[in-house]
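S.K.: Chains as they are written, first to last, in UniProt numbering: chain A, 1 to 326; chain B, 1 to 326. Even glycine gets a Cβ: it sits at the ideal position worked out from N, Cα and C.
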């Protein structure tokens, strides 16, 4: 089982409007809701790849109840139908191991202008999490680690959670001997790295904020010196740069693609983590991560990946090994 | 008891953002939720004026549950505290007589740009209401009419409800001998008027759509000829024009005010309806409606009215009787 932790889960709401005009009134032409927050997105992709997953983090209030109801409906019937046809691996179950909190889970609202495809995002703050709820999460997390092959710690911190929370979770994973990937930003990332996670997956902006450098190789090496055993920097259309104890690789998508990058980073995390658990080589993990994240950009639904595109892209991802030592 | 009917109730959500930038990502800096839909707003104002009210219409799903929970908390403790001090009339109870439906009550999202105060509105479509649910509403409505001194039929129709729904509700009220005010727009207003409601309260745009005329006196008279016994046209900063069997009056606020007009029309409906039930003269009803709606524009919270402003404005509303016959 792969465990994902999402401390600041969200109900992701998408509103389509014919055209977004500031200070006007809009009738929403179409809407959808789905369980969100980075770790939940990672779990959905892992499930589609056939990996059993458990998700923990916090959920509460009426929005939390809707989120858990939608989560219970995953993996979708569509995914299973495809699996029965033998065309794709069966989607594996996602176990809801969320900790109930008194506060109301946040919503994120993506307003999509159907004329241009542009998205305007409104993110509610998360619920205030108290000390007892954090203690409950720690207990649940330690239990889950005993059955986990790997763990991903994902996204922002809700109000009330101390800035060293991810560092604490990294240490507990290392004590339990479970490989841990940290995907967050800002001060929680800085502190988390000092606790020596196996892998971090910053994008170029997060790396620059962490290290002060916009030169990918220099910044990635700096991030390793700060404590991360391996660093996979996601460089958008330029693919990924992996600096690891085993070597340095650059992975590039076969072509630039146009689409919605929402969730591409989460798909990359799922690719890296599933590859780790399956014992793939670094080049194969990177091929999977780049193909999944490109196929996510290409998907008509934000955050989903286009499976046909993924399978077509996978053998065409370019891998270049750097001769320089990590 | 005054009854208000809101077929398309809503959970009104307000998001404050530092500045709304299309196609950017925003952290919501403050948020609030309250029960909405025009009839619920009318009931809140009636309650603050000391009138017992019952609200019916449809509510369902997780959003409907949140709406009803918030409704159960009305009138607010603040209102009661003031009443104990003797400064203002005690807020009267609001009875939840909503009919439960399978669909999910809609949300409306008001995104307030805290830099400019401008509001961008996103309105979800309502839940699809089926024939059994409509029949249940009719039964509940007829029961409630037996104890009602007046009824207000307010707002848009949710999907699934026939366009003549308000006409049907107007006829039932007339059969029961309960004075009925209709506040809707478009085809439901046109059909509702033909069923001969006691009063309609269109704004200038609604009147123009109904009659084709932008000349208030002509359009208001035309609306009466179509079936409404009385017409009170709300003309924004120009106040209100009442064309009734008893005469024609123009009511004007003492000064132009700046603020948020959200809910001003609902406050006017509450003013007219409470004045009717209390047996006030037309000039006094209009004074109350204009003072309440101006005090709503002045309130810092959209849809609430500023009681001190209301009491100060009330004696200063200008009333002019037209010598022409209605």
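Does the beta-carbon of residue 218 (chain A) have 16 or more other beta-carbons within 10 angstroms, so that it is buried, or is it exposed?
M.R.: Exposed, since its Cβ has fewer than 16 Cβ neighbours within 10 Å.
S.K.: Can you find a CB in chain A that lies within less than 8 Å of the CB of residue 118 (chain B)?
M.R.: yes
S.K.: Report the residue ranges of all alpha helix (DSSP H) runs contained in full by the segment 107–190 of chain B; include only those spanning at least 4 residues, in chain order.
M.R.: 131–145, 165–176
S.K.: On the criterion of 16 or more Cβ atoms from any shown chain inside 10 Å, does residue 266 (chain A) qualify as buried, or is it exposed?
M.R.: Around the beta carbon of residue 266 (chain A), a 10 Å sphere encloses 16 or more other beta carbons of the protein chains shown; the residue is thus reported as buried.
S.K.: Sort A:123, A:209, A:292 by Cα distance to residue 268 (chain A) and report the nearest one.
M.R.: A:292
S.K.: Applying the criterion that 16 or more other CB atoms from any shown protein chain within 10 Å of the CB defines a buried residue, is residue 63 (chain A) buried or exposed?
M.R.: Here residue 63 (chain A) is buried: its Cβ has 16 or more other Cβ atoms, across all protein chains shown, within 10 Å.
S.K.: Spell out whether any CB of chain B is found under 8 Å from the CB atom of residue 153 (chain A).
M.R.: no
S.K.: Note the first and the last residue of the continuous beta strand (DSSP E) segment covering residue 247 (chain A).
M.R.: 247–252
S.K.: Taking Cβ-Cβ distances below 7 Å as the criterion, which residues of the segment 36–68 of chain B are in contact with chain E?
M.R.: The chain inventory of the structure shown lacks chain E, comprising the protein chains A and B.
S.K.: DSSP puts residue 32 (chain A) in a beta bridge; with which residues?
M.R.: Partner(s): A:14.
S.K.: What does residue 124 (chain A) reach in chain B if we use C-beta pairs closer than 7 Å?
M.R.: 28, 31
S.K.: Would you mind working out which of B:172, B:111, B:156, B:138 sits nearest residue 24 (chain A), comparing C-alpha positions?
M.R.: B:111
S.K.: Going straight from the alpha carbon of residue 149 (chain B) to that of residue 52 (chain B), what length do you get?
M.R.: 10 Å
S.K.: Using the Cβ count rule (16 or more neighbours within 10 Å means buried), how would you classify residue 132 (chain A)?
M.R.: exposed
S.K.: Which class does residue 316 (chain B) belong to by DSSP, given the choice of helix, strand or coil?
M.R.: helix
S.K.: Using a Cβ cut-off of 7 Å, pull out every chain B residue sitting near residue 109 (chain A), in sequence order please.
M.R.: 109
S.K.: Taking buried to mean at least 16 other C-beta atoms within 10 Å of its own C-beta, is residue 255 (chain A) buried or exposed?
M.R.: exposed
S.K.: Residue 122 (chain B) to residue 281 (chain A), Cα distance in whole Å?
M.R.: 48 Å
S.K.: Can you find the residues in the same chain that come closer than 6 Å, C-beta to C-beta, to residue 13 (chain B), ignoring five residues on each side of it along the sequence?
M.R.: 33, 107, 109
S.K.: From which residue to which residue does the beta strand (DSSP E) around residue 306 (chain A) run?
M.R.: That residue, residue 306 (chain A), is in no beta strand (DSSP E); it is neither H nor E in DSSP.
S.K.: Are residue 55 (chain B) and residue 43 (chain B) closer than 8 Å when you measure CB to CB?
M.R.: yes
S.K.: Excluding five sequence neighbours on each side, which residues of the same chain lie with their C-beta closer than 6 Å to the C-beta of residue 176 (chain A)?
M.R.: 145
S.K.: Compute the Euclidean distance between the alpha carbons of residue 207 (chain A) and residue 193 (chain A), then round it to the nearest angstrom.
M.R.: Each residue's alpha carbon lies about 12 Å from the other.
S.K.: Is it right to say residue 162 (chain A) is buried, meaning 16 or more other beta carbons lie within 10 angstroms of its own, or is it exposed?
M.R.: exposed
S.K.: Nearest chain A C-beta to residue 20 (chain B) closer than 8 Å, yes or no?
M.R.: yes
S.K.: Name the DSSP beta bridge partners of residue 242 (chain B), please?
M.R.: B:232, B:249
S.K.: Nearest chain B C-beta to residue 17 (chain A) closer than 8 Å, yes or no?
M.R.: yes
S.K.: Within 8 Å of any Cβ in chain A, is that where the Cβ of residue 24 (chain B) sits?
M.R.: yes
S.K.: Could you name each continuous alpha helix (DSSP H) segment of 4 residues or more that falls completely within the UniProt domain "Carbohydrate kinase PfkB" (18–72) of chain A, going from the start of the chain to the end?
M.R.: Counting whole runs of 4 or more residues, the UniProt domain "Carbohydrate kinase PfkB" (18–72) of chain A contains the alpha helix (DSSP H) stretches 38–48, 61–72.
S.K.: Chain A partners of residue 121 (chain B), CB-CB under 7 Å?
M.R.: 25, 26, listed in chain order.
S.K.: Could you check the C-alpha separation between residue 284 (chain A) and residue 252 (chain A) for me, to the nearest Å?
M.R.: Across the structure, residue 284 (chain A) and residue 252 (chain A) are spaced so that their CA atoms are roughly 12 Å apart.
S.K.: Let me check understanding here. Comparing Cα to Cα, which of B:152, B:158, B:92 lies closest to residue 60 (chain B)?
M.R.: B:158
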